Amino acid sequence: MSLVSPFSDRQHNWALVTLWAAAALSVPYFTLQFIRSRRQQVKAGDNNITTATANDDDNNNNNNNNNHNNHTKLASIPSLPLLLAARSHAQKDARKIAIVDTAKAESFTYAQLLADVSSLKQRVLESLKLVPTGDLEERRVAFLTPAGYDYVVCQWAVWAAGGVCVPLCTTHPTKEIIYTIADSDPSLIILHPSFSHIKAAIQESCPDIPFFNLTPLVASSTESPTSLPPFHASLPQSRRALMIYTSGTTSNPKGCVTTHKNIIFQSECLARAWKYTPADHLIHVLPLHHVHGIINGLTATLLAGATVEMYPKFDPAVVWKRWRDKGSSTMFFAVPTVYSRLVDYFDGHIRSTELELDARQGAQSLRLAVSGSAALPTPIKTKFAEITGQVLLERYGMTEIGMGISCGLDVSTRIDGSVGWPLPGVQVRLTDRETGE
């Protein structure tokens, strides 16, 4: 913007051709004109500046709003029943513990669980360049992580992003892990650093599948409650959510797909039949690539608002010590071989020692001990009952159908060699193997 008046040249010419007095008399007039002109220019400039500033502010506000909306959308998680239940538990008690990770020696609240799920969901979408849609659209994501808090966050983050979880067995040989990855054909592999030693072998066999290197999560060190992430409309519950591989007893393992609706149905019917409550505390030693550990142990328990105390592997000495301490544990789920090892350890290291009374009383304090995944031999059931006073509840399920049949909570209804009756909402039909009738 020029500071020179358009009247200056005119004033200069006038002074050259007129008398000094006339020129002197004209000075006030042209000075006034100069001032008026200058005021008009400044005013016009101010208007332009004001308009430009307003437009810039509008553009900045729009950009900020868009960035805020995009961030909010990316950070938000869908209103799936399990995630909504976790939010409800956190709202009722901001310090309610969801996961006790024994390997980390840390506890994690429901609020932090949801916050970490939101964060990992964002990073997964970013790694696959799916931020614009914010949806994996049922793409499969395999993950290899020890049993513990990181596992739960991975599982829930994939669900929150709209993907299908493919949990890999941590104890399988590398060859079998590679088979599962190649067969499931995931869009991404989430790898915990404790398994980085097999990354090269997986990459060599599956070179086109990208990796996401997981940073182990830590418990919040702040005293103030963790803020809950925003929620948005739920994904269709008919969407596929979980791909679990069978044991492969007849041939190579096959992936069985389960929907969100089926997962919630199983979890709710177990919670009703076994009366899970927020006061429950599960000692979780089961593997997390099968229904027993995932549905019975994790989703049903967390859906009810209870606490899951997770161990990376089963150790009879650790479990007996935990029971001797007479802590808050109320439930224990395992397979027959685990109960057999518990009995053997008791006989070999606890019976007839100063530890025996506390061990017996600690196990007796459980309100529910469940055996499944294989037939429970009567001698093991009898011996465990003699030691602990616990009559094991037997149930039946399959990878293909989930949990279907269970004995009742009333101990008097538990019959040796029987897996009980259909769970709530489950229909069972007996057929003749030969005739099919």
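Residue numbers for the sequence shown follow the UniProt record's numbering, beginning at 1 and rising by one. Heads up, the beta-carbon is just placed ideally off N, CA and C, and yes, glycines get one too. Since the model is a prediction, treat every value here as computed from it, not as a measurement.
>> F231 and P81 - do their beta-carbons sit closer together than 9 Å?
In response: Here the question's residue 81 lines up with position 81 in the sequence shown. Here the question's residue 231 lines up with position 231 in the sequence shown. Cβ distance not < 9 Å, so P81 and F231 don't count as in contact.
>> If distances are taken between C-alpha atoms only, which option among Y345, L128, T258, M243 comes closest to Q237?
In response: Position 237 of the sequence shown, counted from the start, is the residue given in the question as residue 237. Residue T258 is the option with its Cα nearest to Q237.
> Taking the alpha carbon of K96 as the point to measure from, which residue in P167, A271, A306, E268 has its own alpha carbon closest?
Replying inline: Here residue 96 refers to the residue found at position 96 of the sequence shown. Of P167, A271, A306, E268, the residue nearest in Cα terms is A306.
> Within 10 angstroms of its Cβ, does I105 collect 16 or more other Cβ (buried), or is it exposed?
Replying inline: As a position in the sequence shown, residue 105 is number 105, starting the count at 1. The question names Ile, yet the displayed sequence has Ala at residue 105. Exposed, by the Cβ-count rule.
> For the segment 210-226 against the segment 182-200, are there 3 or more C-beta pairs whose distance is under 8 Å?
Replying inline: yes
> Any heavy atom of the ligand MN closer than 8 Å to the Cβ of V343?
Replying inline: No copy of the ligand MN occurs in the structure displayed, which carries no ligand at all.
> If you compare alpha carbons, which of A374, T388, A375 is closest to R367?
Replying inline: As a working mapping, residue 367 is identified with position 367 in the sequence shown. Checked all of A374, T388, A375; the closest Cα to R367 is T388.
> Nearest-angstrom Cα distance between E204 and T145?
Replying inline: Within the sequence shown, numbered from 1, the residue matching residue 204 stands at position 204. Within the sequence shown, numbered from 1, the residue matching residue 145 stands at position 145. Near 20 Å, if we compare the C-alpha coordinates of T145 and E204.
> What first and last residue would you give for the beta strand (DSSP E) that runs through T435?
Replying inline: Mapped onto the sequence shown, residue 435 falls at position 435. Taken as a continuous stretch (DSSP letters only), T435 belongs to no beta strand (DSSP E), as it is neither H nor E.
>> Please return the same chain residues whose Cβ sits closer than 6 Å to the Cβ of L242, not counting the five positions on each side in sequence.
In response: As a working mapping, residue 242 is identified with position 242 in the sequence shown. The answer, listed in chain order, is C165, T258.
> Where does I99 land, buried or exposed, given buried means 16+ other C-beta within 10 angstroms?
Replying inline: Indexing the sequence shown from 1 puts residue 99 at position 99. So I99 ends up on the buried side.
>> Looking at S340: is its Cβ nearer than 9 Å to the Cβ of I380?
In response: The residue labelled residue 340 in the question sits at position 340 within the sequence shown. The residue labelled residue 380 in the question sits at position 380 within the sequence shown. Yes, the pair counts as a contact, with Cβ atoms nearer than the cut-off.
> If you run the structure through DSSP and keep just helix, strand and coil, what is V153?
Replying inline: One-based indexing of the sequence shown puts residue 153 at position 153. Reduced to three states, the DSSP call for V153 is helix.
>> Less than 9 Å between the C-beta atoms of K199 and A160, yes or no?
In response: Working through the sequence shown from its first residue, we reach residue 199 at position 199. Working through the sequence shown from its first residue, we reach residue 160 at position 160. No, these two residues do not count as a Cβ contact at 9 Å.
> Of the choices I401, P424, G402, M398, whose alpha-carbon is the least far from that of G408?
Replying inline: Working through the sequence shown from its first residue, we reach residue 408 at position 408. That would be P424, whose Cα lies nearest to the Cα of G408.
> Buried or exposed: P253, going by 16 or more other Cβ atoms within 10 Å of its Cβ?
Replying inline: Position 253 of the sequence shown holds residue 253. Buried, by the Cβ-count rule.
> Does the count of Cβ pairs from the segment 114-129 and the segment 255-271 closer than 8 Å reach three?
Replying inline: no
> For the beta strand (DSSP E) that F108 lies in, which residues bound it at each end?
Replying inline: To locate residue 108, count along the sequence shown from 1; it is residue 108. 106-109 is the extent of the beta strand (DSSP E) around F108.
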